[in-house]
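Peer 1: To start, I am sharing the structure in question, which I have written as structure tokens.
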Amino acid sequence: MQYSYCKHIALTLAVILLSACSSGGSSGGGSSSDPNTSQSPAETPSAETPTTVELSAIDYQAVKDEALQSCIRKSNIRYTEQLQILKCQNASIRQLDGLQQFSQLRVVNLSNNQIDNLEPLSSLTQLHSLTLSHNKLVSFAAMNDMTQLRELSITHNQLRSLSGIENLDELDKLYINHNQLQSMAELSQTQLRHLVAHNNPAPVPASLPDTMESFRL
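Residue numbers for the sequence shown follow this note's numbering, beginning at 5 and rising by one.
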């Protein structure tokens, strides 16, 4: 009886040992790596293709106004894309034909000239600041597409209407004093923060934009 009991214990221990060995072997096999398995080399990023920018030579023949042409030549540039700031005040400029080729213009000052037509500026959609004071302008409808324009000074002209100003979504500062404006109702549709509009026959507008911080009427 005692012999049978001891035999049973011995068999039980043998089974436990065999089970432990089998488990350890299985675990080791799962963690070992296959020497025949090759790792793919890291992919080498392809070099970026350089961007080619074609520059446009200035067409001075398109700039019909000699005074404007002379002012542009003083900048000593060769390509239209290079001209981003143009200051040609007090230059007796009459027309702006040819200026549309300078599509990268950001700042333009043409004050104290004899300009009466802004159509050549209509395609300059990158303009941020435009000064046209002391000219002969009666309308600035040509500015409708200047959606990046932030500051406009068009004082001492002959403006009669503000039609189209509501399209200038980024316009922040507007100077329109000393004109012939009959109405300023359009101002309520803008996002202006600063306005100077005195010396106009138009009555004070019934409302101003909520964004307004300072004004003079």
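Even for Gly, the Cβ is constructed at its ideal location relative to N, Cα and C.
If you measure between the beta carbons of I158 and S137, is that distance less than 8 Å?
Peer 2: Start at 1 with the first residue of the sequence shown, and residue 158 comes out as number 154. Start at 1 with the first residue of the sequence shown, and residue 137 comes out as number 133. Yes, they are a contact pair.
Peer 1: Let me confirm a value: L59 is counted as buried when at least 16 other C-beta atoms fall within 10 Å, else exposed. Which label applies?
Peer 2: Within the sequence shown, the letter at position 55 stands for residue 59. The residue in question, L59, is exposed, as its Cβ has fewer than 16 Cβ neighbours within 10 Å.
Peer 1: Give me, in chain order, the residues of the same chain whose beta-carbon lies closer than 8 Å to that of A210; leave out the 5 immediate sequence neighbours on both sides.
Peer 2: In the sequence shown, the residue the question calls residue 210 occupies position 206. For A210, where only same-chain residues beyond five positions count, the Cβ hits under 8 Å are A189 and S192.
Peer 1: DSSP state of R220, grouped into three classes?
Peer 2: For the purposes of this step, residue 220 is taken as residue 216 along the sequence shown, with counting starting at 1. Here R220 sits in strand by DSSP.
Peer 1: Using a Cβ-Cβ cut-off of 8 Å (strictly less than) and excluding sequence neighbours within five positions of D164, which residues of its own chain qualify?
Peer 2: By one-based count along the sequence shown, residue 164 stands at place 160. Inspection of the sequence shows that residue 164 is occupied by Arg rather than by Asp. Cβ within range, chain order: V142, S143, N183, Q184, L185 and Q186.
Peer 1: So within the segment 53-113, which uninterrupted beta strand (DSSP E) runs reach at least 3 residues, ignoring any that extend past its ends?
Peer 2: Counting whole runs of 3 or more residues, the segment 53-113 contains the beta strand (DSSP E) stretches 89-91 and 111-113.
Peer 1: Starting from the C-beta of T129, find all residues in its chain whose C-beta is less than 7 Å away, skip the five residues before and the five after it, and write them out in chain order.
Peer 2: Locating residue 129 in the sequence shown gives position 125, where the first residue counts as 1. Excluding residues within five positions, the ones whose Cβ falls inside 7 Å are D149, M150, T151 and Q152.
Peer 1: Checking 8 Å against the spacing of the C-beta atoms, do N94 and N116 come in under that value?
Peer 2: Your numbering for residue 94 matches position 90 in the sequence shown. Your numbering for residue 116 matches position 112 in the sequence shown. In this structure, N116 lies closer than 8 Å to N94 by Cβ.
Peer 1: Quick one: Cα of A206 to Cα of I62, how far?
Peer 2: As a position in the sequence shown, residue 206 is number 202, starting the count at 1. As a position in the sequence shown, residue 62 is number 58, starting the count at 1. The straight-line gap from Cα to Cα measures roughly 43 Å.
Peer 1: Buried or exposed: which applies to D214, given that a residue is buried once 16 or more other Cβ atoms fall within 10 Å of its Cβ?
Peer 2: Residue mapping note: residue 214 aligns to position 210 of the sequence shown, counting from 1. D214 is exposed by the Cβ-count criterion.
Peer 1: Could you name the residues that DSSP lists as bridge partners for L178?
Peer 2: For the purposes of this step, residue 178 is identified with residue 174 of the sequence shown, where counting begins at 1. Partner(s): L156 and L199.
Peer 1: Pull up the distance between the alpha-carbon of L103 and that of R220, whole angstroms please.
Peer 2: Translated into positions along the sequence shown, residue 103 becomes position 99. Translated into positions along the sequence shown, residue 220 becomes position 216. Each residue's alpha carbon lies about 33 Å from the other.
Peer 1: May I have the straight-line CA-CA distance separating P45 from E52, to the nearest angstrom?
Peer 2: Against the sequence shown, residue 45 aligns to sequence position 41. Against the sequence shown, residue 52 aligns to sequence position 48. Confidence at P45 is low in this model, with a pLDDT of 48, below 50, so its placement is unreliable and no value can be given for it.
Peer 1: Give me the Cα-Cα distance between D101 and A66, rounded to the nearest whole angstrom.
Peer 2: Against the sequence shown, residue 101 aligns to sequence position 97. Against the sequence shown, residue 66 aligns to sequence position 62. C-alpha separation (whole angstroms): 7 Å.
Peer 1: Along the chain, where does the beta strand (DSSP E) that runs through L134 open and close?
Peer 2: Sequence index remark: in the sequence shown, residue 134 carries index 130 (1-based). Counting along the chain, the beta strand (DSSP E) containing L134 begins and ends at S133 to T135.
Peer 1: Let me know the secondary structure DSSP gives A210 once reduced to three states.
Peer 2: Residue mapping note: residue 210 aligns to position 206 of the sequence shown, counting from 1. It is coil, neither helix nor strand.
Peer 1: Looking only at C-alpha atoms, which of R154, M216 and R110 sits nearest to N171?
Peer 2: Here residue 171 refers to the residue found at position 167 when the sequence shown is read from its first residue. Answer by Cα proximity: R154.
Peer 1: What did DSSP end up calling N204 once you bin it into helix, strand or coil?
Peer 2: Walking along the sequence shown from the start, residue 204 turns up at place 200. Residue state, collapsed to three classes: coil.
Peer 1: Can you tell me whether DSSP reads Q184 as helix, strand or coil?
Peer 2: For the purposes of this step, residue 184 is taken as residue 180 along the sequence shown, with counting starting at 1. Coil, per DSSP.
Peer 1: Exposed or buried, what is I89 when buried is set at 16 or more other beta-carbons lying within 10 Å of its beta-carbon?
Peer 2: Your numbering for residue 89 matches position 85 in the sequence shown. Burial call: exposed.
Peer 1: Would you grab the beta carbon distance between N161 and N139 for me? Rounded to a whole angstrom, and I think it's under 8 Å.
Peer 2: Counted from its first residue, the sequence shown places residue 161 at position 157. Counted from its first residue, the sequence shown places residue 139 at position 135. Contact flag correct, Cβ pair sits at about 6 Å.
Peer 1: Could you give the DSSP three-state label for M147: helix, strand or coil?
Peer 2: The residue you call residue 147 lines up with position 143 of the sequence shown. If DSSP states are grouped into helix, strand and coil, M147 belongs with the helices.
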